[in-house]
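Visitor: Here it is, the structure, as structure tokens.
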Amino acid sequence: MESNELATRITRLSLNRRVTMFVLFLTIIIVGLIATNRLKLELFPKGFEGRSLSVRVPWNAAVPQEVMEKLALPLEEELSTVRGLDSMRSSCSSRGASVYLGFKQGTDMDVAYREVRDRLERAKLRFPDDVEHAYVYKMDMSGIPVCMIGVAYETDGDLYDLVNKHIIMPLSRIDGVANIDTKGLKEKEIIIEADKDRTEAYGLNIYELSRQMRGDNFTLASGNVQDGGKKYLLKSSSRFQTMHEFQNLPISTNVLLKDIAVLKYEPEERYFAARVNGKKAMMITAVKESEANTIEVCRRIADEVEKIKQNPALAGFDLKIHMNQGTIVMEQLNTLFTNGLIGAFFAACVLYIFLRRARMTLIIAGAIPLCLFIAVATMYFAGESLNLLTILGLVLCIGLLVDNSVVVAENIQRHFQGGLSRREACIKGVQEIGLAIT
Numbered sequence: 007m008e009s010n011e012l013a014t015r016i017t018r019l020s021l022n023r024r025v026t027m028f029v030l031f032l033t034i035i036i037v038g039l040i041a042t043n044r045l046k047l048e049l050f051p052k053g054f055e056g057r058s059l060s061v062r063v064p065w066n067a068a069v070p071q072e073v074m075e076k077l078a079l080p081l082e083e084e085l086s087t088v089r090g091l092d093s094m095r096s097s098c099s100s101r102g103a104s105v106y107l108g109f110k111q112g113t114d115m116d117v118a119y120r121e122v123r124d125r126l127e128r129a130k131l132r133f134p135d136d137v138e139h140a141y142v143y144k145m146d147m148s149g150i151p152v153c154m155i156g157v158a159y160e161t162d163g164d165l166y167d168l169v170n171k172h173i174i175m176p177l178s179r180i181d182g183v184a185n186i187d188t189k190g191l192k193e194k195e196i197i198i199e200a201d202k203d204r205t206e207a208y209g210l211n212i213y214e215l216s217r218q219m220r221g222d223n224f225t226l227a228s229g230n231v232q233d234g235g236k237k238y239l240l241k242s243s244s245r246f247q248t249m250h251e252f253q254n255l256p257i258s259t260n261v262l263l264k265d266i267a268v269l270k271y272e273p274e275e276r277y278f279a280a281r282v283n284g285k286k287a288m289m290i291t292a293v294k295e296s297e298a299n300t301i302e303v304c305r306r307i308a309d310e311v312e313k314i315k316q317n318p319a320l321a322g323f324d325l326k327i328h329m330n331q332g333t334i335v336m337e338q339l340n341t342l343f344t345n346g347l348i349g350a351f352f353a354a355c356v357l358y359i360f361l362r363r364a365r366m367t368l369i370i371a372g373a374i375p376l377c378l379f380i381a382v383a384t385m386y387f388a389g390e391s392l393n394l395l396t397i398l399g400l401v402l403c404i405g406l407l408v409d410n411s412v413v414v415a416e417n418i419q420r421h422f423q424g425g426l427s428r429r430e431a432c433i434k435g436v437q438e439i440g441l442a443i444t
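According to this note's numbering, the residues represented by the sequence shown are 7 to 444, in order.
In structure tokens form, the structure reads like this:
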């Protein structure tokens, strides 16, 4: 009964304050138009979230051992104090450190995300000076790649440095991109096959051999020097630069590594294979930052891919975007607007056929964009995004809105033809069915 009374009061207020209602509707349209241009666009709603977060700190000028000491350990120490933390796993490589955090059931992931950001800022104070960026992203739908890029090639040479320099690095620098991953790109590695008999003959074992090679192959930060207002970072390097240095590594007195082992410089084992138009190919995926706009990030990636194609160093490479979330979202938006226009058109035609009144028909048809603007403005101020589910909801609501509009208009018309004035017909028509449509 309360809904019925509320609908009647709104109807009376609208009839008594026509100028006020006109200004209100005009304001809604203007605010709705502004909100439509600023509303965040996504493929999936943020409600589809897991209980995991990931912290990634890139640092190219380092070795895994140093990354563990300078990045991973400070990160683990700070992140271990986050409330609701259930598990923590770290990985280190020559490219940087990653920490994966799992949280207990029922943990508020928005609060956990803010706490992780806070702990990361504390850990940054302990990082080396040349560490520039650190990323936190949620392991949920936002962790799904927004773009998949296929790179077809014909050459069989060493592609790692070429692809990393001219494709991966430019894509990684795009604003809003959190991570670039590759499948099918093989990095060369040194394979050491120790001869068991020779190793034992010299009184050595594989564990001592491994420990000695790790100790002799390192890079160590040595502080910095300031000169004329400029700061220069110092680094002590004992890393092996050539295969010859590895082969001639002293293991013990008069024993070199090449005397007890066979060294090979080969691409790593292949776990992924793809072909595009008959050519060998690799796949590059781009994951956006959690708060970044999907449409904008995908547009920047597409623009960067076009620039990369013009690079003469990549002659013989064919880059093509095979999946683009931005395109999918825009197609869904076009579907929404198309369905809205079609629905409004057919609703107007049906209403005019039955009512035979152009004014009433235009009023009901105009309610469709008005209600959409109200919904979009509410979503914008509530911090929601326009995604597959919200678009589906809006499309369904258009149908419900048209049905309710037809019912109300027909009831008002019936009372008007029964002899009531326009004002009384509106009030009576809404009063009778207000509860049924709210």
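Glycine is no exception: its CB is placed at the ideal position from the N, C-alpha and C atoms.
Using the three-state DSSP reduction, which class does V414 fall into: helix, strand or coil?
Guide: helix
Visitor: How far does the beta strand (DSSP E) with I186 in it extend, from its first residue to its last?
Guide: According to the DSSP assignment, I186 belongs to the beta strand (DSSP E) that extends over V183 to K189.
Visitor: Closest to I198 by CA distance: which of A207, E206 and I212 is it?
Guide: I212
Visitor: I'd like the list of long-range same chain contacts for G102, defined as Cβ closer than 6 Å, with 5 residues on each side in sequence excluded.
Guide: Only V63, P64 and W65 meet the Cβ criterion.
Visitor: Can you say whether A78 is buried or exposed, counting buried as having 16 or more other CB atoms within 10 angstroms of its CB?
Guide: buried
Visitor: Can you tell me the Cα-Cα spacing of T396 and E195, whole angstroms?
Guide: Here the C-alpha atom of T396 lies approximately 49 Å from the C-alpha atom of E195.
Visitor: How many angstroms separate the CA atom of T42 from the CA atom of Y386?
Guide: 8 Å
Visitor: What are the partner residues of R95, as DSSP defines its beta bridges?
Guide: Y106
Visitor: In chain order, what residues of the same chain lie with their CB nearer than 7 Å to the CB of L126, ignoring the 5 residues before and after it?
Guide: V61, A140 and V142
Visitor: Counting C-beta neighbours from all protein chains within 10 Å, is the total for N2 16 or more, i.e. buried, or is it exposed?
Guide: Residue 2 lies beyond the stretch modelled for the chain, which goes from 7 to 444, so this question has no answer here.
Visitor: According to the neighbour-count rule (16 or more other Cβ atoms, all chains shown, within 10 Å of its Cβ), is V335 buried or exposed?
Guide: buried
Visitor: Between the beta-carbon of V268 and the beta-carbon of Y208, is there less than 7 Å?
Guide: no
Visitor: Measuring alpha carbon to alpha carbon, tell me which of Q71, R123 and M115 ends up nearest T96.
Guide: What sits at residue 96 in the sequence shown is Ser, not Thr. The residue with the shortest Cα to Cα distance from S96 is Q71.
Visitor: So Y386 is in the alpha helix (DSSP H); what residue range does that whole segment cover?
Guide: Per DSSP, Y386 belongs to the alpha helix (DSSP H) from A364 to F387.
Visitor: Excluding five sequence neighbours on each side, which residues of the same chain lie with their C-beta closer than 8 Å to the C-beta of S99?
Guide: P70 and V73
Visitor: Check whether the segment 83-90 and the segment 151-171 touch, using three or more Cβ-Cβ pairs below 8 Å as the test.
Guide: no
Visitor: What do you get for S391, buried or exposed, if any count of 16 or more other CB atoms within 10 angstroms of its CB means buried?
Guide: buried
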